[in-house]
Each structure stands twice: as structure tokens, then as C-alpha cells.
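The sequence shown begins at 1 in UniProt numbering and counts up one residue at a time.
Every residue gets a Cβ at the ideal spot worked out from N, C-alpha and C, and that includes glycine.
Remember, it's a predicted structure, so these values are computed and weren't measured experimentally.
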Amino acid sequence: MQLNHTDNQNNTDMRNHRLTAWAFCLIASLGMMLTSCAQKEEQLEGFRIKRGTNLSHWLSQSMVRGEARANHIQEDDFARLHELGFDHVRIPIDEVQFWDEEGNKLPEAWDLLTNALDLARKYEIRAIVDLHVIRSHNFNAVNAGLTNSLFTDEAAQQRLIDMWYQLSDALNGYSTDWVAYEFMNEPVADEHEQWNQLIAKVHAALREREPNRTLVIGSNRWQGHETFKYLRVPEGDPNIILSFHYYNPMILTHRGAFWTPIGKYSGPISYPGKMITEENLAQAPADIQAELQQYVDMEWNRDVIYSQMKDAIEVAAKYGLQLFCGEWGVYEPVDRELAYAWTKDMISVFDEFNIAWTTWCYDADFGFWDQEKNDYKDKELVDIILNSKGLEK
Numbered sequence: 001m002q003l004n005h006t007d008n009q010n011n012t013d014m015r016n017h018r019l020t021a022w023a024f025c026l027i028a029s030l031g032m033m034l035t036s037c038a039q040k041e042e043q044l045e046g047f048r049i050k051r052g053t054n055l056s057h058w059l060s061q062s063m064v065r066g067e068a069r070a071n072h073i074q075e076d077d078f079a080r081l082h083e084l085g086f087d088h089v090r091i092p093i094d095e096v097q098f099w100d101e102e103g104n105k106l107p108e109a110w111d112l113l114t115n116a117l118d119l120a121r122k123y124e125i126r127a128i129v130d131l132h133v134i135r136s137h138n139f140n141a142v143n144a145g146l147t148n149s150l151f152t153d154e155a156a157q158q159r160l161i162d163m164w165y166q167l168s169d170a171l172n173g174y175s176t177d178w179v180a181y182e183f184m185n186e187p188v189a190d191e192h193e194q195w196n197q198l199i200a201k202v203h204a205a206l207r208e209r210e211p212n213r214t215l216v217i218g219s220n221r222w223q224g225h226e227t228f229k230y231l232r233v234p235e236g237d238p239n240i241i242l243s244f245h246y247y248n249p250m251i252l253t254h255r256g257a258f259w260t261p262i263g264k265y266s267g268p269i270s271y272p273g274k275m276i277t278e279e280n281l282a283q284a285p286a287d288i289q290a291e292l293q294q295y296v297d298m299e300w301n302r303d304v305i306y307s308q309m310k311d312a313i314e315v316a317a318k319y320g321l322q323l324f325c326g327e328w329g330v331y332e333p334v335d336r337e338l339a340y341a342w343t344k345d346m347i348s349v350f351d352e353f354n355i356a357w358t359t360w361c362y363d364a365d366f367g368f369w370d371q372e373k374n375d376y377k378d379k380e381l382v383d384i385i386l387n388s389k390g391l392e393k
């Protein structure tokens with residue numbers, strides 16, 4: 001059948017109309033997709049963290065060097081952490097591994113750090129670079145019979161700033177969304193104001209170089225919850241995370257820990273509830289009985305954990321800043337059922353009050369992974385840890 005000119009024109013108009021409608025729908029769909037992606041990207045902006053672990057005893061608190069150190073943390077570790085659901089790591093580093101006594105850089109450690117940061121980014125894991133131990137300050141100096149010069153020596157304070165200038169020079173190319181700095185671990189100053197004054201100095205120095213980098217700042221006396229009320233937070237800086245460490249009750253978390261006096265207690269303990277009896281106390285070593293008395297007198301449970309963290313929660317809320325428990329965990333010899341009960345209570349408080357956290361630690365004596373066996377030390381503990389709130393997308 002032959003179509004006349006009018007029919008041909010009508011068909012052409014209909015095809016054009018369909019093409020126009022199809023193109024409009026395609027453009028609208030693409031627009032919605034791009035808007036959705038942009039909104040998602042916007043939501044993920046910033047150094048946002050929730051669940052993490054410490055890569056301890058690698059670039060810090062270790063005498064291992066050479067090939068053994070280089071092989072200790074590798075790509076499969078970051079892949080594993082990502083698969084498990086961790087969103088960040090804290091990487092402790094020590095001055096002695098990164099600078100010699102004359103202040104010269106030791107290149108191998110720097111390469112290991114930047115390689116770790118590259119791998120973290122590849123597996124969408126944020127990283128906190130934590131200057132853990134320096135020659136003028138060791139958080140464990142008191143227990144080791146040593147003294148720290150940092151808070152009384154201007155030259156030592158300038159040295160700390162100079163180290164961070166060099167770290168900043170090496171790391172400032174990493175996105176502020178993915179790498180943060182913790183410029184000192186567990187300060188132990190005789191006076192709280194000594195630490196506050198040093199915070200102000202280092203904060204000002206770093207802000208001249210990197211105004212938008214997230215800085216993790218903890219409280220005096222081992223980043224204790226009880227000293228948070230004395231912490232002077234730099235005003236008007238939204239790129240700060242406030243940090244505390246929590247290992248209470250120490251009689252549980254440090255059971256058998258040879259480096260602490262309370263680790264000498266080997267009697268029975270309970271959790272939750274009153275942790276030891278008067279009879280247990282009487283049988284404990286005489287030199288730690290005074291410290292153990294608190295575990296006879298009070299009942300330990302989730303409410304006690306919350307009450308001890310409350311000051312830190314309130315200070316963070318006052319400044320509108322993220323609160324972060326940078327270290328918490330249980331030593332390997334701890335009875336597993338006690339460890340599980342305590343861990344569940346910790347996670348419960350973290351989730352309720354939106355506290356970000358990093359376990360201490362990934363693979364050392366408080367850790368959950370065995371590098372030599374390439375297997376979990378305690379998969380049930382990992383499952384409990386990760387049965388927690390992650391980052392909200």
C-alpha cells in the first residue's frame with residue numbers, strides 16, 4: 001500500500017516525538033544518577049571514622065628491622081581489614097625508627113609508612129599517623145624508672161614540632177579525607193597545663209602548614225578519661241578529633257601483663273559484678289593490695305564504663321567534635337568469657353554515644369590476628385567487635 005505525503009509526515013513526527021521523549025528520559029535518569037553520586041560523595045567527605053584497629057609493634061615499640069619489618073604489614077592485611085568491615089587504622093610510629101640520634105631521616109621506615117598509607121587508600125581505609133614514642137617522652141617512663149624531658153625542655157618541644165614539619169612535608173599530599181595526624185600519644189605531664197601549652201604550640205605550627213588536616217588530640221596522663229575536664233581544646237577548629245584511651249578495669253584487661261603491677265594478680269576474677277572477694281584480696285601480693293581494693297568495693301559493669309567515659313563524652317559534645325577511643329582491648333591471657341562480656345559492654349557504650357574507636361590491637365599481644373599462623377587468634381572476639389555500628393553512608 002502506498003502512503004500519501006500526509007501519512008509520511010505523521011509517521012516522521014511520531015518518531016521524532018518518541019526520540020525526544022526517550023532523550024528526555026535518558027537525560028533525566030543521568031541527572032538523577034549524577035545527583036545521587038554527588039550526594040553520596042558529599043556525605044562521605046571529611047575524615048569520618050567509626051571502627052578501626054592499631055597496627056602496633058611494627059613501626060613503633062619494636063626492635064625488628066630490615067626484611068622482617070618490611071614484611072610484617074602487607075597488602076593482604078589491608079584487604080583483610082577492609083573485608084572485615086574496619087574503616088580506619090591507627091599507625092603508631094616511633095622517633096627512633098624514623099630519625100637517628102642526629103635527626104637524620106631513616107628512609108626505610110618512611111617508605112614503609114607511605115606504602116601503608118597508599119594501601120590504606122586503595123582499600124578505602126582511613127589512617128591516623130600517631131607519633132607514639134619520642135626520645136624526650138615515653139608514656140611508660142614512670143613504670144620503667146625513667147623521666148621525660150619534653151614538658152620542661154624548650155629544645156625538646158621544638159624538636160617535636162620539627163619532626164611534625166618533616167612528617168607534614170612527606171604526607172601533605174595525602175587527602176585530608178583519608179589521613180589524619182595524632183601529634184603525640186599518651187602525654188604524661190606533671191601538670192595538665194604543661195600539656196595544654198604544648199598542644200597550643202604544636203597545633204599552631206601544624207595549622208600554618210595544613211589548616212584543614214584532622215588532628216587527633218588526647219588528654220593528659222595516658223589519655224585518661226578522668227583528665228578530660230582539664231583539656232584545653234583549640235577554639236574554632238572543626239578539624240579536631242578528641243581522643244581518650246580506656247583499659248578499665250585493669251585487673252581484667254591487663255591480667256598477666258608483666259609490665260604493670262596489677263598484672264601480678266593471678267587469683268580469680270569476675271565480670272560483671274564485684275571482681276574479687278576479700279579472701280582473694282588477702283591472698284594477693286602485699287604490694288598491690290591497695291590497688292586491688294577498688295575491685296572488692298565496687299561492682300563493675302556497663303554503667304560504670306559509661307560513667308567513667310561521661311566527662312569525655314560531654315567535652316566532645318560541648319565543642320561539637322568527634323570523640324575517639326584510640327586504644328582499648330584485652331591481653332591474650334584474659335579468660336575469653338570475661339573478655340567477651342567486657343567487649344560487648346564497651347561496644348554498647350561506643351554505639352550509643354557515637355564514639356569512634358580503634359582496638360589495641362591488630363596482631364600483637366592484645367590482637368586478634370596471628371601473622372605467623374596466618375589465622376585468627378580469636379574469631380569470636382572479632383565477631384563481637386564487628387557486631388557494632390559502622391559508618392553511616
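Is DSSP giving tyrosine 181 helix, strand or coil here?
By 1-based counting over the sequence shown, the position of residue 181 is 181. Here tyrosine 181 sits in strand by DSSP.
Could you have a look at tyrosine 376 and say whether DSSP puts it in helix, strand or coil?
Walking along the sequence shown from the start, residue 376 turns up at place 376. In this structure, tyrosine 376 counts as strand in the three-state DSSP scheme.
Sort Phe258, Tyr246 and Glu299 by Cα distance to tyrosine 271 and report the nearest one.
The residue labelled residue 271 in the question sits at position 271 within the sequence shown. If we check each option's Cα against that of tyrosine 271, Glu299 comes out closest.
Using the beta-carbon count (16 or more within 10 Å), is asparagine 185 buried or exposed?
Counted from its first residue, the sequence shown places residue 185 at position 185. It is buried - the Cβ of asparagine 185 has at least 16 other Cβ atoms within 10 Å.
Is it the case that the Cβ atoms of phenylalanine 228 and alanine 312 are separated by a distance below 8 angstroms?
Stepping through the sequence shown from its first residue, residue 228 is reached at position 228. Stepping through the sequence shown from its first residue, residue 312 is reached at position 312. Annotated as proximal: phenylalanine 228 and alanine 312, with beta-carbon spacing under 8 angstroms.
Aspartate 383 burial status per 10 Å Cβ neighbour count (16 or more: buried):
Taking the first residue of the sequence shown as 1, we reach residue 383 at position 383. It counts as exposed.
Under the assumption that asparagine 172 contacts asparagine 212 (Cβ atoms under 8 angstroms), give the Cβ distance between them as a whole number of angstroms.
Reading the sequence shown from its first residue, position 172 is the one you call residue 172. Reading the sequence shown from its first residue, position 212 is the one you call residue 212. 10 angstroms between Cβ atoms; not a contact.
If you draw a straight line from the alpha carbon of threonine 359 to that of isoleucine 91, how long is it in whole angstroms?
Reading the sequence shown from its first residue, position 359 is the one you call residue 359. Reading the sequence shown from its first residue, position 91 is the one you call residue 91. For threonine 359 and isoleucine 91, the gap between their C-alpha atoms comes out near 12 angstroms.
Would you say glutamate 95 and methionine 163 are within 8 angstroms of each other, going by their C-beta atoms?
Counted from its first residue, the sequence shown places residue 95 at position 95. Counted from its first residue, the sequence shown places residue 163 at position 163. It is a contact, given that the beta carbons lie within the stated cut-off.
What does cysteine 325 pair with, by DSSP beta-bridge criteria?
For the purposes of this step, residue 325 is taken as residue 325 along the sequence shown, with counting starting at 1. DSSP, once it has assigned bridges, lists Phe244 and Trp357 as partnering cysteine 325.
Cβ neighbour criterion (16 or more within 10 Å) applied to lysine 389:
By one-based count along the sequence shown, residue 389 stands at place 389. It is exposed - the Cβ of lysine 389 has fewer than 16 other Cβ atoms within 10 Å.
As an exercise, report each continuous alpha helix (DSSP H) stretch of at least 4 residues that is fully enclosed by the segment 277-305, in chain order.
Within the segment 277-305, the alpha helix (DSSP H) runs of at least 4 residues that lie entirely inside it are, in chain order, 278-283 and 289-297.
Do the segment 135-152 and the segment 190-208 make contact, defined as three or more Cβ pairs closer than 8 angstroms?
Contact between the segment 135-152 and the segment 190-208 is present: 3 or more CB-CB pairs across the two stretches fall below 8 angstroms.
Glutamine 97 and leucine 59 - do their beta-carbons sit closer together than 8 angstroms?
Locating residue 59 in the sequence shown gives position 59, where the first residue counts as 1. Locating residue 97 in the sequence shown gives position 97, where the first residue counts as 1. Yes, they are a contact pair.
Can you list, in chain order, the residues of its chain whose CB lies under 8 angstroms from that of glutamine 223, leaving out five sequence neighbours each side?
As a first step, residue 223 must be located in the sequence shown, where it is residue number 223. Here the set comprises Asn185, Glu186, Pro187, Ser243, Phe244, His245, Gly326 and Glu327.
If you compare alpha carbons, which of Asn387, Lys379, Glu372 and Ala317 is closest to histidine 72?
Here residue 72 refers to the residue found at position 72 of the sequence shown. The option with the nearest alpha carbon to histidine 72 is Glu372.
N-terminal and C-terminal residue of the alpha helix (DSSP H) that leucine 113 is part of:
Here residue 113 corresponds to residue number 113 of the sequence shown, with the count starting at 1. Counting along the chain, leucine 113 sits inside the alpha helix (DSSP H) bounded by residues 107-122.
Assess contact between the segment 173-182 and the segment 203-220, defined as three or more Cβ pairs (one per stretch) separated by less than 8 angstroms. Is contact present?
A contact exists between the segment 173-182 and the segment 203-220.
When the Cα atoms are used, what is the spatial distance from aspartate 365 to histidine 137?
Residue mapping note: residue 365 aligns to position 365 of the sequence shown, counting from 1. Residue mapping note: residue 137 aligns to position 137 of the sequence shown, counting from 1. Using only the alpha carbons, I get a separation of about 23 angstroms.
For threonine 343, is the classification buried or exposed, using 16 other Cβ atoms within 10 angstroms of its Cβ as the cut-off for buried?
In the sequence shown, the residue the question calls residue 343 occupies position 343. Taking every protein chain shown into account, the CB of threonine 343 has 16 or more other CB atoms within 10 angstroms, so this residue is buried.
Cα-Cα, which of Lys201, Phe78 and Asp351 is closest to aspartate 118?
By one-based count along the sequence shown, residue 118 stands at place 118. The option with the nearest alpha carbon to aspartate 118 is Phe78.
Using the rule of at least 16 other Cβ atoms within 10 Å of the residue's Cβ for burial, across every protein chain shown, is alanine 200 buried or exposed?
On the sequence shown, position 200 is the one that residue 200 refers to. That one is exposed.
Supposed contact pair valine 330 and alanine 339 - C-beta distance, whole angstroms, cut 8 angstroms
Mapped onto the sequence shown, residue 339 falls at position 339. Mapped onto the sequence shown, residue 330 falls at position 330. Indeed, because the Cβ distance is near 4 angstroms, the residues count as touching under 8 angstroms.
Are glycine 52 and tryptophan 357 close, meaning C-beta to C-beta below 8 angstroms?
The count along the sequence shown starts at 1 and reaches residue 52 at position 52. The count along the sequence shown starts at 1 and reaches residue 357 at position 357. Taking 8 angstroms as the Cβ cut-off, glycine 52 and tryptophan 357 qualify as a contacting pair.
Whole angstroms is fine: what's the gap from arginine 169's alpha carbon to arginine 255's?
Numbered from 1 along the sequence shown, position 169 holds the residue referred to as residue 169. Numbered from 1 along the sequence shown, position 255 holds the residue referred to as residue 255. As written in the sequence, residue 169 is aspartate, which differs from the arginine given in the question. The alpha-carbon atoms of aspartate 169 and arginine 255 are separated by roughly 42 angstroms.
Output yes or no for whether 8 angstroms exceeds the beta carbon distance between glutamate 265 and alanine 284.
Counting from 1 along the sequence shown, the entry for residue 265 is found at position 265. Counting from 1 along the sequence shown, the entry for residue 284 is found at position 284. Correcting the residue type first, residue 265 is tyrosine in the shown sequence and not glutamate. Here tyrosine 265 is near alanine 284, since their CB atoms are less than 8 angstroms apart.
When the Cα atoms are used, what is the spatial distance from aspartate 351 to glutamine 322?
Working through the sequence shown from its first residue, we reach residue 351 at position 351. Working through the sequence shown from its first residue, we reach residue 322 at position 322. Cα to Cα, aspartate 351 sits roughly 13 angstroms from glutamine 322.
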